[in-house]
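Enquirer:
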Amino acid sequence: MPEIELLATGEGEYRLHDPDAIRAWMRDRKRRDLVDKTTTAAEAVGRLVADGDYVSFDFSSFTRGPLVLVREIVRQRRRNLWYCAKFTLMESTLLVAAGACSKIDVGFMGLGETLSRAVERGEVTVSEWTNGTLTLRQQAGAMGVPFLPTRALLGSDTLRYSGAKVIRDPFTGKPIALVPALNPDVGLVHAHQADIYGNARCFGPAVQPLETAMSARKVIVSTDEIIEHEEIRKAPGLTTIPYFLVDAVVHAPFGAYPGGLPGAYEIDFEHFTEYNSLERLGRLDEYLDKYVYSVDTDDDMLETRVGLRRLKALRRRATIREGYGP
Amino acid sequence: MPEIELLATGEGEYRLHDPDAIRAWMRDRKRRDLVDKTTTAAEAVGRLVADGDYVSFDFSSFTRGPLVLVREIVRQRRRNLWYCAKFTLMESTLLVAAGACSKIDVGFMGLGETLSRAVERGEVTVSEWTNGTLTLRQQAGAMGVPFLPTRALLGSDTLRYSGAKVIRDPFTGKPIALVPALNPDVGLVHAHQADIYGNARCFGPAVQPLETAMSARKVIVSTDEIIEHEEIRKAPGLTTIPYFLVDAVVHAPFGAYPGGLPGAYEIDFEHFTEYNSLERLGRLDEYLDKYVYSVDTDDDMLETRVGLRRLKALRRRATIREGYGP
Amino acid sequence: MTAPPGFTEAEFMIAQCARLLEDQKTAFIGFGMPQVAAILAQRTHAPQLIQVFEFGAVGPMPLTPFVRNTMGGPANCYRSIAWTNMSTIFAQAQLGLIDYGVLGATQIDLFGNINSTMLGDDWRRPKRRFPGSGGANEVASYCWRTIVVMMHEPRRFVPRVDFITSPGYLDGTPEARERAGLPAGTGPWRVVTSQALFGFDEASHELTLLGALEGRTVDQVVAEMGLTPRVAAHVERLAPPSPRELEILRDQIDPARALIGRTAKS
Amino acid sequence: MTAPPGFTEAEFMIAQCARLLEDQKTAFIGFGMPQVAAILAQRTHAPQLIQVFEFGAVGPMPLTPFVRNTMGGPANCYRSIAWTNMSTIFAQAQLGLIDYGVLGATQIDLFGNINSTMLGDDWRRPKRRFPGSGGANEVASYCWRTIVVMMHEPRRFVPRVDFITSPGYLDGTPEARERAGLPAGTGPWRVVTSQALFGFDEASHELTLLGALEGRTVDQVVAEMGLTPRVAAHVERLAPPSPRELEILRDQIDPARALIGRTAKS
Chain A
1 MPEIELLATG EGEYRLHDPD AIRAWMRDRK RRDLVDKTTT AAEAVGRLVA
51 DGDYVSFDFS SFTRGPLVLV REIVRQRRRN LWYCAKFTLM ESTLLVAAGA
101 CSKIDVGFMG LGETLSRAVE RGEVTVSEWT NGTLTLRQQA GAMGVPFLPT
151 RALLGSDTLR YSGAKVIRDP FTGKPIALVP ALNPDVGLVH AHQADIYGNA
201 RCFGPAVQPL ETAMSARKVI VSTDEIIEHE EIRKAPGLTT IPYFLVDAVV
251 HAPFGAYPGG LPGAYEIDFE HFTEYNSLER LGRLDEYLDK YVYSVDTDDD
301 MLETRVGLRR LKALRRRATI REGYGP
Chain B
327 MPEIELLATG EGEYRLHDPD AIRAWMRDRK RRDLVDKTTT AAEAVGRLVA
377 DGDYVSFDFS SFTRGPLVLV REIVRQRRRN LWYCAKFTLM ESTLLVAAGA
427 CSKIDVGFMG LGETLSRAVE RGEVTVSEWT NGTLTLRQQA GAMGVPFLPT
477 RALLGSDTLR YSGAKVIRDP FTGKPIALVP ALNPDVGLVH AHQADIYGNA
527 RCFGPAVQPL ETAMSARKVI VSTDEIIEHE EIRKAPGLTT IPYFLVDAVV
577 HAPFGAYPGG LPGAYEIDFE HFTEYNSLER LGRLDEYLDK YVYSVDTDDD
627 MLETRVGLRR LKALRRRATI REGYGP
Chain C
653 MTAPPGFTEA EFMIAQCARL LEDQKTAFIG FGMPQVAAIL AQRTHAPQLI
703 QVFEFGAVGP MPLTPFVRNT MGGPANCYRS IAWTNMSTIF AQAQLGLIDY
753 GVLGATQIDL FGNINSTMLG DDWRRPKRRF PGSGGANEVA SYCWRTIVVM
803 MHEPRRFVPR VDFITSPGYL DGTPEARERA GLPAGTGPWR VVTSQALFGF
853 DEASHELTLL GALEGRTVDQ VVAEMGLTPR VAAHVERLAP PSPRELEILR
903 DQIDPARALI GRTAKS
Chain D
919 MTAPPGFTEA EFMIAQCARL LEDQKTAFIG FGMPQVAAIL AQRTHAPQLI
969 QVFEFGAVGP MPLTPFVRNT MGGPANCYRS IAWTNMSTIF AQAQLGLIDY
1019 GVLGATQIDL FGNINSTMLG DDWRRPKRRF PGSGGANEVA SYCWRTIVVM
1069 MHEPRRFVPR VDFITSPGYL DGTPEARERA GLPAGTGPWR VVTSQALFGF
1119 DEASHELTLL GALEGRTVDQ VVAEMGLTPR VAAHVERLAP PSPRELEILR
1169 DQIDPARALI GRTAKS
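Taken in order, these protein sequences are the chains called A, B, C and D.
Here our numbering is used: the first sequence runs in plain steps of one and ends on residue 326.
Here our numbering is used: the second sequence runs in plain steps of one and ends on residue 652.
Here our numbering is used: the third sequence runs in plain steps of one and ends on residue 918.
Here our numbering is used: the fourth sequence runs in plain steps of one and ends on residue 1184.
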């Protein structure tokens, strides 16, 4: 039988996802009926995020990120999460500082000493990928295929410490990298709008909200606004994520805080300044206590730690609206 | 060196596209400057469609298809085209009836005796694919990778007469089909709106307008409306195809005729009835003479063969607008 | 045969197919009869049947009357939940999100393999050429339960199709689909004809008569086939279209009788 | 070193990088300094420079003042031509549609390999851990001409990086990138520092000094590097930022001096 050369195999750790196992999950666990999925962040995370889960989120800590859900994961003291840092900054640091995360697929691990030290000390183990290949892995997971090909990674040490394989392409004879499908246990997406069933709309540029939702076994959508289902049916072209992919809908105005939601509110720079200085001083425990542990819910945090005036000012700064709404 | 089993190789004919050759084309031939690309169908087809070219179009003869461009290709007597019948009906028949097309990648070849007889007589040669795998091949072409994997085709004779290969997936050990990238010489897309530079908007469901434009070497966009460039910049989320992929913009109201443009005008059933009866009688020469050869332009055809009243009636029937506009 | 009085063969076929479509499931709907069956299902027992089409419309509530060839148009895609594209919708099917696939077929064989490509023993010189797979190969490969809808005509049922356009149980051996690499646990589930309902034997994967239209005997049904199907221990008596089904089909969905008027050729 | 009077090292670096960006070209823009350089280019000689970002914004005309960490926000993505997503934009880069890639780097070596992952000789026990590739590996792999912008600090220039995060010319042998499977004809094109401009020798693919900031000698430039670069036959004299460049940088783009105020560490 003719064969194809396997030129290299990365040493990085990754979970093997058999598309047939994912298919069975999608058949059995994704509801096709239109049922009200609205719930609280506490209930959604309590039900859908387990210790040891592989967690992915879209899109970043600064822009349309489901920070409300990340904070709830921290609040509920999850442990040993494997985090997909495909375009991450603050939230990976928070998860590691809180002891919630023991593995990171890098991407971009996030800035700051907290993460660097944790990896240097071996408290967190990493696999090397790139923003593009983690995205591609989720695209494979979303397509129900075991891998996708890419011309990235080739020649780099990133490939060596990833889970990619290099084969000789049977069509052109040139080397090509194959990245294994990624099907996170949990996908977290923050949307501009969603109906109660989980049909969600994200506006503006994006990383991959749809593929994050398609590839994940359990999907929580937090949303700044709940809209009528009828609105979805009037403009189906605006639906980013169809309801049958979504397991819980969390109504969370300012859910992306301290990041911004384009067209709705801007980033809270004061907050990031506070965060960064505490991070540099190795005192993120104080930060977590103030913004997560000492408050029961994100709404409490927003009300008592940020305050209406500051939230109002963030909305006031969001003066660019073009393109960020229906 | 470890190897991967090659389990099967299809016998179907296909063009091998080296991603590096496509890359060089995209670097050298796709203009990055914002230049007015509006022109006539005659000039665009004359300049960009050559005998022997591989031609692909989006989306169908009935819905948002660039029929104006297909008619112009027929009018200019192109020969030996290789047609990507990924979701086709009428236009493949017209091309074959006109003697413009000698190869078809099937997909869905199109209905009627004309095509069946042409294949039975060996006047047209075919390769077997499917709507999904032709779409996937163009997606590979659009991604700049030599192939993409799929779990379709497997076990079928369609695979045997396609250009796909089956390998044992090095991750799961299960058989998986690889379909080779498709980079058409010519991509034809009809848009609802476009600016003079080629930034195009398609509304409603779709086959793959973006990937058709990305994968093709030469791209002609016909559009029912030309809009201001400023409108594009006000709502970037509505841009289906960015200008730098587009080589010509043809202003063609009713360019999808006799098909419909969702939200703008409905299908002309009378026309299809006339077409179908002539097709059944083997008299498509009369049809082509009436609607193509005997008129200098599509505008002439619309005016003298269809008439303003009928066009008005087709707009009148387009009463469903929700979701088909900015 | 001629249709029993009061309804056409097509009307029975469509009604019988519609009855198989469960509410609150996703269904990949092919061109023509499957569309009409899905609309009928939505208007009878399955208001939340989520239709998906290969050009990416998800969950529409089609406006009627149904008109052929307007599958991608505003009436058929009316009030959809999402409009995406072919790559995305086939990805969702490949991912296991689509429960049913509903297809027409030119020819089918004992193991549920579908031929819509050609007749003859040499692909390069077909006796008769057909349009090919379209999206049928994907639907038959990816969806959990494939339903085939076709007129009950002898020439359409053959022991072995000349060309496997879309995979059934292939050679019928155990795990044949899985060995080929097709998604596990999929395959043809039901074949609905103008006279009868078939399934597939669990062990042999052979076409098996499950039910016959009221008034049709097993012998009559089998006599009009080009192959000999298995026959279930208990062959169900299939009710003709109900007055309500007929009223919806005739008054709402297809008043022009473009599809529901059809009859089989012997 | 201290900056020559009248402008900072960062201001020179940014201006020099901006000068390299041609009008009417596409450029994949990394986080931070590359953003500021691209905006400066748009406001001087390259009004039609098409910026693209890894989260899918194409062709924006960013509003200023520039604010760090708001790359995905409305001001930076203002008046874009298209908003797509990461898969699509990396696909377009892989397809050869993006002319320039502009990146920062923690460490670079003689062959232009970039390290933004770790220091030390054992990846499992890094002496120092950095954030990793982000999208830099794709940008360095796919874009036709990669421009690296970095402070001119000895520790940033090493004979061989500890870890190749993003590929340069690898081991420098002919066709090394092509043999690895990387797109043909790509690779690092220029390295812009706070003191100098480098290219890569056609034959050896070694870092080559092409120009030095006015007032800096070749010896001074090389003395502050942890490797010995080649030196071009003619080393260009690089003009300091012009009054107009400084005015745009200081008054329009970065009045808070978040980036333009930076200086190198020796």
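All residues carry an ideal CB built from backbone N, CA and C; glycine is no exception.
1. Are the segment 1022-1033 of chain D and the segment 1080-1099 of chain D touching by the rule of at least three beta carbon pairs closer than 8 Å?
2. Determine the chain A residues that contact residue 910 (chain D) at a beta-carbon separation under 9 Å, and present them in chain order.
3. Less than 8 Å between the beta carbons of residue 226 (chain A) and residue 192 (chain A), yes or no?
4. Are the C-beta of residue 134 (chain A) and some C-beta of chain E separated by less than 8 Å?
5. Determine the chain B residues that contact residue 1030 (chain D) at a beta-carbon separation under 7 Å, and present them in chain order.
6. Taking its Cβ as the centre, do 16 or more other Cβ atoms sit within 10 Å of residue 499 (chain B), making it buried, or is it exposed?
7. First and last residue of the beta strand (DSSP E) that includes residue 165 (chain A)?
8. For residue 517 (chain B), would you say it is in contact with chain D, using Cβ-to-Cβ distances shorter than 8 Å as the test?
9. Would residue 147 (chain A) and residue 497 (chain B) qualify as a contact pair, given that the criterion is a beta-carbon distance under 8 Å?
10. Residues of chain B with CB under 9 Å from residue 976 (chain D), in chain order?
11. List in chain order: all unbroken alpha helix (DSSP H) runs of 4+ residues lying wholly within the segment 1031-1063 of chain D.
12. Please state whether DSSP places residue 601 (chain B) in a helix, a strand or coil.
13. Taking the straight line between their C-alpha atoms, what separation do you get for residue 30 (chain A) and residue 247 (chain A)?
14. Could you give the distance in angstroms between the alpha-carbon of residue 1035 (chain D) and the alpha-carbon of residue 1099 (chain D)?
15. Residue range of the beta strand (DSSP E) that residue 436 (chain B) falls in?
16. How about residue 398 (chain B) and residue 611 (chain B): do their beta carbons lie closer than 8 Å?
17. Taking the beta carbon of residue 17 (chain A) as the centre, do at least 16 other beta carbons fall within 10 Å, making it buried, or is it exposed?
18. For chain D, find out if any of its Cβ atoms is closer than 8 Å to the Cβ of residue 356 (chain B); answer yes or no.
19. Taking 8 Å as the CB-CB cut-off, is residue 3 (chain A) touching chain B?
20. Could you tell me which of D:1144, D:940 and D:962 sits nearest to residue 1078 (chain D), measuring between CA atoms?
21. Would you check if the distance between the CB atom of residue 704 (chain C) and the CB atom of residue 678 (chain C) is smaller than 8 Å?
22. Could you pull out every residue in the same chain whose Cβ sits closer than 8 Å to the Cβ of residue 418 (chain B), ignoring the five residues on either side in sequence?
23. Let's see if you can read the secondary structure: which residues bound the alpha helix (DSSP H) around residue 1171 (chain D)?
24. DSSP three-state call for residue 455 (chain B): helix, strand or coil?
25. Taking only beta carbons into account, state which residues of the segment 938-955 of chain D come closer than 7 Å to chain B, listed in chain order.
26. Does DSSP classify residue 56 (chain A) as helix, strand or coil?
27. Quick one: give me the first and last residue of the alpha helix (DSSP H) that residue 398 (chain B) is part of.
28. Return the CA-CA distance between residue 462 (chain B) and residue 507 (chain B), expressed in angstroms with no decimal places.
29. Enumerate in chain order the residues of its own chain whose CB-to-CB distance from residue 655 (chain C) is below 7 Å, with the five nearest sequence positions on each side excluded.
30. Can you list, in chain order, the residues of its chain with a C-beta nearer than 7 Å to that of residue 377 (chain B)? Leave out the 5 residues immediately preceding and following it.
31. Which of helix, strand or coil does DSSP assign to residue 1022 (chain D)?
32. Buried or exposed, going by whether 16 or more other CB atoms sit within 10 Å of the CB of residue 672 (chain B)?
33. Tell me whether the beta-carbon of residue 658 (chain C) lies closer than 8 Å to the beta-carbon of residue 892 (chain C).
34. At the level of alpha carbons, what is the spacing between residue 224 (chain A) and residue 487 (chain B)?
35. Can you list the residues of chain A that residue 867 (chain C) reaches, using a CB-CB cut of under 9 Å?
36. Checking contacts by CB at 8 Å: is residue 300 (chain B) closer than that to chain A?
Expert: Checking against the coordinates, here is how it stands:
1. Taking one beta carbon from each stretch, the segment 1022-1033 of chain D and the segment 1080-1099 of chain D have 3 or more pairs nearer than 8 Å; the two touch.
2. Given that chain D is displayed from residue 919 to residue 1184, the structure contains no residue 910 (chain D) and the question cannot be resolved.
3. For the purposes of this step, residue 226 (chain A) is taken as the residue at position 226 of the first sequence. For the purposes of this step, residue 192 (chain A) is taken as the residue at position 192 of the first sequence. Not closer than 8 Å, so no.
4. Protein chains A, B, C and D are contained in the structure displayed, whereas chain E is not.
5. Here residue 1030 (chain D) refers to the residue found at position 112 when the fourth sequence is read from its first residue. Scanning chain B for C-beta atoms nearer than 7 Å to the C-beta of residue 1030 (chain D) yields nothing, as the closest lies near 20 Å away.
6. Within the second sequence, numbered from 1, the residue matching residue 499 (chain B) stands at position 173. Of the other Cβ atoms in all chains shown, fewer than 16 fall within 10 Å of the Cβ of residue 499 (chain B); this residue is therefore exposed.
7. Within the first sequence, the letter at position 165 stands for residue 165 (chain A). Where residue 165 (chain A) is concerned, the enclosing beta strand (DSSP E) stretches over 165-168.
8. Within the second sequence, residue 517 (chain B) is the residue found at index 191, counting from 1. With 8 Å as the cut-off, residue 517 (chain B) does not count as an interface residue toward chain D.
9. Reading the first sequence from its first residue, position 147 is the one you call residue 147 (chain A). Reading the second sequence from its first residue, position 171 is the one you call residue 497 (chain B). Closer than 8 Å, so yes.
10. The residue labelled residue 976 (chain D) in the question sits at position 58 within the fourth sequence. Contact of residue 976 (chain D) with chain B by beta-carbon distance below 9 Å involves 562, 565, 568 and 570.
11. As far as the segment 1031-1063 of chain D is concerned, its whole alpha helix (DSSP H) runs of at least 4 residues are 1054-1060.
12. Along the second sequence, read from residue 1 onward, the residue named residue 601 (chain B) stands at position 275. The answer is helix: DSSP assigns residue 601 (chain B) an H, G or I state.
13. As a position in the first sequence, residue 30 (chain A) is number 30, starting the count at 1. As a position in the first sequence, residue 247 (chain A) is number 247, starting the count at 1. When rounded, the distance between both Cα atoms is 7 Å.
14. On the fourth sequence, position 117 is the one that residue 1035 (chain D) refers to. On the fourth sequence, position 181 is the one that residue 1099 (chain D) refers to. Each residue's Cα considered, the two are about 22 Å apart.
15. In the second sequence, residue 436 (chain B) corresponds to position 110, counting from 1. Premise fails: residue 436 (chain B) is in no beta strand (DSSP E) and is neither H nor E.
16. Taking the first residue of the second sequence as 1, we reach residue 398 (chain B) at position 72. Taking the first residue of the second sequence as 1, we reach residue 611 (chain B) at position 285. Not a contact, by the Cβ cut-off of 8 Å.
17. Working through the first sequence from its first residue, we reach residue 17 (chain A) at position 17. With 16 or more other Cβ atoms from the protein chains shown falling within 10 Å of its own Cβ, residue 17 (chain A) counts as buried.
18. To locate residue 356 (chain B), count along the second sequence from 1; it is residue 30. So, interface residue.
19. Translated into positions along the first sequence, residue 3 (chain A) becomes position 3. Output row for residue 3 (chain A): interface = yes.
20. Residue numbering aside, residue 1078 (chain D) sits at position 160 when the fourth sequence is read from its first letter. Distance check between residue 1078 (chain D) and each of D:1144, D:940 and D:962 places D:1144 closest, using alpha-carbon atoms only.
21. Stepping through the third sequence from its first residue, residue 704 (chain C) is reached at position 52. Stepping through the third sequence from its first residue, residue 678 (chain C) is reached at position 26. Yes. Within cutoff.
22. Counting from one through the second sequence, the residue named residue 418 (chain B) turns up at place 92. Taken in chain order, the residues that qualify are 409, 411, 427, 430, 435, 436 and 441.
23. Within the fourth sequence, residue 1171 (chain D) is the residue found at index 253, counting from 1. For residue 1171 (chain D), no alpha helix (DSSP H) segment is defined, and its DSSP state is neither H nor E.
24. Residue mapping note: residue 455 (chain B) aligns to position 129 of the second sequence, counting from 1. Under the three-state reduction of DSSP, residue 455 (chain B) is assigned to coil, being neither helix nor strand.
25. Only those residues of the segment 938-955 of chain D whose C-beta falls short of 7 Å from the nearest C-beta of chain B are listed: 942, 943 and 944.
26. On the first sequence, residue 56 (chain A) is found 56 positions in, with the first residue counted as 1. The DSSP-derived three-state label of residue 56 (chain A) is strand.
27. Counting from one through the second sequence, the residue named residue 398 (chain B) turns up at place 72. That run of the alpha helix (DSSP H) goes 393-401.
28. What you label residue 462 (chain B) is simply residue 136 of the second sequence in a count that begins at 1. What you label residue 507 (chain B) is simply residue 181 of the second sequence in a count that begins at 1. Approximately 8 Å, taken between the alpha carbons.
29. Locating residue 655 (chain C) in the third sequence gives position 3, where the first residue counts as 1. Unreliable placement is indicated for residue 655 (chain C), whose pLDDT of 43 sits below 50; the coordinate value is still reported in the next sentence. The residues are 661 and 915.
30. Here the question's residue 377 (chain B) lines up with position 51 in the second sequence. Closer than 7 Å at the Cβ level, and outside the excluded window around residue 377 (chain B), lie 404, 405 and 406.
31. One-based indexing of the fourth sequence puts residue 1022 (chain D) at position 104. In the displayed model, residue 1022 (chain D) falls within a strand according to three-state DSSP.
32. Residue 672 (chain B) lies beyond the stretch modelled for chain B, which goes from 327 to 652, so this question has no answer here.
33. Stepping through the third sequence from its first residue, residue 658 (chain C) is reached at position 6. Stepping through the third sequence from its first residue, residue 892 (chain C) is reached at position 240. Contact flag set, yes.
34. Taking the first residue of the first sequence as position 1, residue 224 (chain A) is located at position 224. Taking the first residue of the second sequence as position 1, residue 487 (chain B) is located at position 161. Rounded to the nearest angstrom, the two C-alpha atoms are 51 Å apart.
35. Locating residue 867 (chain C) in the third sequence gives position 215, where the first residue counts as 1. What residue 867 (chain C) touches in chain A: nothing, since even the nearest Cβ is about 36 Å away.
36. Chain B is shown only over 327 to 652; residue 300 (chain B) falls outside these bounds and no answer can be derived.
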